[in-house]
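Q: Numbering (our numbering), first residue to last: 74 to 179. From the three backbone atoms N, C-alpha and C, an ideal C-beta is built for every residue, glycine too.
1) Helix, strand or coil, according to DSSP, for residue 166 in the structure here?
2) With burial defined as no fewer than 16 other Cβ atoms inside 10 Å of the residue's Cβ, what is the status of residue 44: buried or exposed?
3) Would a C-beta distance cut-off of 8 Å place residue 140 and residue 122 closer than the cut-off?
4) Near residue 158, which residues of its chain fall below 7 Å by C-beta distance, leaving aside the five closest residues on each side in sequence?
5) Run through the DSSP bridge pairs and tell me what residue 123 is partnered with.
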């Protein structure tokens, strides 16, 4: 039987899997994302290349919390992150005070 290798602990504070390796190479870079109305999608910086962004997908709004990586001097969204629909985001807002309370214990 072949031996299985143990995974080394990651130094990342994200729990979404292996480190980002970037997207599959494509010819020509895509322009900055804009909503259907032509406006740039709002984005907020959390630090350490992490951003919060609101956009629309299939006619529904989503809140993305995602790590970005740098390629050719441009920050691009990576694989590590989460997309919350409006219902999930509302639930997060409802429990946020409880999360803050638990966080204050550290």
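A: The answer reads as follows:
1) helix
2) It is not possible to answer for residue 44, since the shown part of the chain is limited to 74 through 179.
3) yes
4) 133 and 135
5) 120 and 140
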